[in-house]
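Here is the structure we will look at, set down as structure tokens.
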Amino acid sequence: MADPKEAIKENSMIIQKEMLARQFKDLSMAKELGKKVVYTFVPGNLTELILSFDMLPVYPEINALQSGMRKKSAEYIRDAEKIGFSEDVCTYVKCDIGMMLNGNIGPTGEKIPPPDLLLLSYTGCFTFLKWFENLERLYPGVPVAMLHTPYQEDGVMTEDQINYMVKQLKEEVIPKMEQVSGQKYDHARLSKMMENSAKAEDLLVKILESAKIVPSPIDAYFAGVYYIGPIFTAFRGTGEAVDYYTELWNEVQQRIKLGLGPVTPEGEIKEEKFRLVVEGPPNWTNFREFWKIFYDMGAVIVASSYTKVGGVYDLGFRHDPKEPLESLAKYCMGVYTNMNLPQRVDMLEKYVNEYKADGFLINSIKSCNSFSAGQLMIMREIEQRAGVPVGFIESDLVDPRYFSYANIKNRLESYFQMLEQRKIILKQEEATV
Amino acid sequence: MKSLDQIIAECEEIAFDLKFSRARKWKDEQDNRVIVGYLPTYVPREIIHAANGISVGIMGTGDRKQIIKGDAYYQSYICHLPRGVIEMALDNNLDAFDGFLFPAICDCIRNLSGMFKLSKKGKFQRYFDYPQNFSSSIGGKFYIQELEKVLEDIFNVNGVRVTAKALNHSIGLYNKNRHLIETIYTIRQSTPWRLSAVETYYILRAGQCMPVEDHNDILEQVVAHIQKERGEPMDNIRVVVSGSFCEQPPIGLIKSIELAGCYILDDDFMLGSRFIQGNITDDSEDPLHALSEAYLHQSTFSSAFYDVGNPKGKRLVELVRKRASDGIIFCAASFCDPALLDRPELQKEADAAGIPHINFQFHENTGQFKIIKEQAGTFSDSIKLWA
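Chains as they are written, first to last, in this note's numbering: chain A, 1 to 433; chain B, 434 to 820.
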């Protein structure tokens, strides 16, 4: 086993690190570069549109999760609670506000510039709306553009809903972007970027679906959060993203060819003992420890809902250069947390079956009702429909007070024992037949 | 005319009847009648009325039902309201309901709509999305489409197509309802001892579970009663309570605030009944458009709605001034993201306006009020002594 202090990294991870370093460097020099800065959110983001105006996007929830991983979040959350935020509310919001109160220093140690535009494309999470109202007060006078994404209430996207979104884009969002950036909307440029988006999306789907192979060459949750990084954030629509996913896909193909298991910070998983589908975001404050519990047990996450929070591409959606605004509308409405509960259950059941999972596990996050409310019902449904053992653990996104290592480990060990027993029974039954 | 005490007792019974007997009775009296349940906060009840329906507010179980099954559906860090709603659904309290509306207020209520879909409760279960775009040609159009979906849902149950005439009639009835409620609040502003906050609460909450025509009769009688002197004025401070627009505080909590020396002159307990300010046009050829315009331009402030351009903090301060109140009690349900995320900014606005405030959190089944009473009492004393 490798020295635990030195995490093993794939080449694509190093490339991604360099991409992020450049992104934050650009942000820190936005003023010098004459670039305008747009704060927005990951689910239902309009990255191509922002980039088509030569503006730089900032994703507050990414800053919050980075703060969590860098062990800064506890201090930031405490500072937000000091100014009146309740212990009960979303810790992403509190962490982000705390970070701003502490000088808005980003993950690379450079200052993140204040916004020139607050783009609230609020999708699948009601708290986003409150978050932006708070940001609007923290940055008085900064223009706010609101894009309301209708929920997939009936499990479908209707023409009326798409038209509603396109009208908002044309009459509210784009005029504000033109005003802030000083540039005219360039339909052809946006369209061109979407060609890149679709290419990267094709590659991402291939990568994630490689986990259907037994044993899986990837971990689609812990490693998956790195895989989705560029496409869910500032790089969708760029050539850089296509290059990154091309490199990552090459790596995965190589692993398949060599019959290798997933790469983890502790080393490669040599023997895949359990295949799991996971619902819910990960914990960020103890990410590596959390991952290691699975590594130690030989458990590989073959599919997860969290890697669909910024776009559900494996169900077929691609950004479409022929109708860029319509496809932004469909993209926003299609993200996982904007799907109704029956749709979510259908998708998770499909994952359990298609990825040949041994079990279904929920990591329920205290901070995130968009995911958590209804999860216990989702769990029952999956148990009944897919007939696999289900497990349930609780933690938080970035509040270390809600990550109890011993409790989680205990629960997971019991869960893995159950999976082990079930495997033995299934084998015995098979032998009898 | 019934005595006020009689009316209040009847309203209390109707408001907390978790079998919803009054609505069931109304439905059974005629074919093609439907019951449509809705979660807090606001739905335009006019369209349900016009479609031969009764809209019933499902405001939770409060402290009137023990939650056993509901807790198995929710983690400890999720508010209490949906547990009670699930418990009622599983205990068949809602069996007479034909459909359910889940207004876009938070992720919990939104996902509850999916839980009702999965468990196939009612003939329809609809998440009722409000536009967060307030332009008539964009958000207004979307809102009308949302109203049409609800009308279609009801049509699929009872076959009733709503005419402009019927909808205008319903709008008129709800205009009257809101006007009478506001009259009660206006009378209470100058003479709050005539009708306590708890009594007011019973009367308003009962209105969520009975035909609007009957509620209007009750409100008219209440107005007539409280125009005359009743009770004794006390040396109390006057407050506005803010933050209880969804999960409802237990009656003991409202009582404790009053007993601690605070007249509650305004609140957001039954916000849905008071959501639209003033009358909605009731002689329009396009009443859906009239309802939409009212939502866009005549809504009060609420944590469920995007407020850039018309911040809630300023509107809360205006309300306190309008009611000539001494302070604000922020009283939000635990784990209520909308209310609790708004609180720091609302407090900041109150501070800037020099309005004293306190805050506490509750569950709908909170049973201990001693601390709240002490806190509210100290708040009252400090204002009386030092303000």
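Virtual Cβ for every residue (Gly too), placed ideally from N, Cα, C.
In three-state terms, what does DSSP make of G760(B)? strand
Inside the segment 216-300 of chain A only - beta strand (DSSP E) runs reaching at least 3 residues: 274-279
Identify, in the order they occur along the chain, each residue of the same chain with its Cβ nearer than 7 Å to the Cβ of L523(B), setting aside the five sequence neighbours on each side. K502
Contact set between the segment 364-383 of chain A and chain B, restricted to residues whose Cβ is under 7 Å from the partner: S364, K366, N369, S370, S372, A373, G374, L376, M377, E381
How many angstroms separate the CA atom of K36(A) from the CA atom of D54(A)? 8 Å
Find the residues of chain A that neighbour Y471(B), judging by a C-beta separation of less than 8 Å, and give them in chain order. By Cβ distance, chain A contributes nothing, its closest Cβ being about 15 Å from Y471(B), past 8 Å.
Residues in the same chain with beta-carbon distance under 8 Å from R776(B), minus the five sequence neighbours each way, listed in chain order, please. G676, F763, A765, N792
Give the DSSP-derived three-state secondary structure of P683(B) in the structure shown. coil
CB-CB length for A597(B) against P720(B), believed under 8 Å: 5 Å
Between the segment 109-137 of chain A and chain B, which residues of the former have CB atoms less than 7 Å from a CB of the latter, in chain order? C125, F126, T127, L129, K130, E133, N134, E136, R137
Give every residue of the same chain whose Cβ lies closer than 7 Å to the Cβ of C125(A), excluding the five residues on either side of it in the sequence, and list them in chain order. P43, T337, S370
Top-ranked residue by Cα proximity to E326(A), from Y164(A), P215(A), M379(A): Y164(A)
Measuring alpha carbon to alpha carbon, tell me which of G103(A), E195(A), D219(A) ends up nearest F306(A). Strictly speaking, residue 306(A) in this sequence is Tyr, with Phe absent from that position. Minimum Cα distance to Y306(A) is reached at D219(A).
Is it true that the segment 413-421 of chain A meets the segment 385-402 of chain A, where meeting means three or more beta-carbon pairs spaced less than 8 Å apart? yes
Could you have a look at M1(A) and say whether DSSP puts it in helix, strand or coil? Note that M1(A) has pLDDT 42, beneath the 50 cutoff, so the model's placement of it is unreliable and the number below is only indicative. M1(A): coil per DSSP, three-state reduction.
Mind checking the segment 85-97 of chain A against chain B and listing, in chain order, the residues whose C-beta falls within less than 8 Å of any C-beta there? F85, S86, D88, V89, C90, V93
For A537(B), does the three-state DSSP call read helix, strand or coil? coil
Going along chain B, which residues have a C-beta under 9 Å from V345(A)? G547, L551
For Y563(B) and Q253(A), what's the separation of their Cα atoms in angstroms? 47 Å
Under a three-way DSSP split, which group does Q731(B) fall into? helix
Going by beta carbon distance, what residues of the same chain come within less than 6 Å of N286(A), once the five residues before and after it are set aside? F403
Looking at C-alpha atoms only, which residue of G98(A), I112(A), D186(A), L147(A) is the closest neighbour of Y122(A)? L147(A)
Can you tell which of I804(B), G573(B), K661(B), L704(B) has the C-alpha that lies nearest to the C-alpha of A727(B)? G573(B)
For L527(B) and S436(B), the rounded distance between their alpha carbons: 32 Å
Which one of F812(B), D531(B), K781(B) has the shortest CA to CA distance from N591(B)? D531(B)
Cα-Cα separation, F41(A) to F738(B): 18 Å
What do you reckon, are the CB atoms on I761(B) and I805(B) nearer than 7 Å? no
Note down the Cα distance separating E413(A) from L276(A), rounded to an integer number of angstroms. 14 Å
Can you give me the C-alpha to C-alpha distance between I816(B) and L120(A), rounded to a whole angstrom? 40 Å
What are the start and end residues of each continuous alpha helix (DSSP H) run of 4 or more residues lying completely inside the segment 597-652 of chain B, in chain order? 597-623, 630-639
Taking P215(A) as the query, report the chain B residues whose CB atoms sit under 7 Å from its CB, ordered along the chain. The contacting residues do not exist; P215(A) stays about 33 Å from chain B at best.
Name the chain A residues whose beta carbon is nearer than 8 Å to that of S675(B)? Residues of chain A passing the Cβ test: none, with the nearest at roughly 14 Å.
Using beta carbons (cut-off 7 Å, strictly below), is V741(B) in contact with chain A? yes
Does any residue of chain B have a CB that is nearer than 7 Å to the CB of P342(A)? yes
Are at least three pairs of beta-carbons, each pair with one atom in the segment 83-94 of chain A and one in the segment 110-120 of chain A, less than 8 Å apart? no
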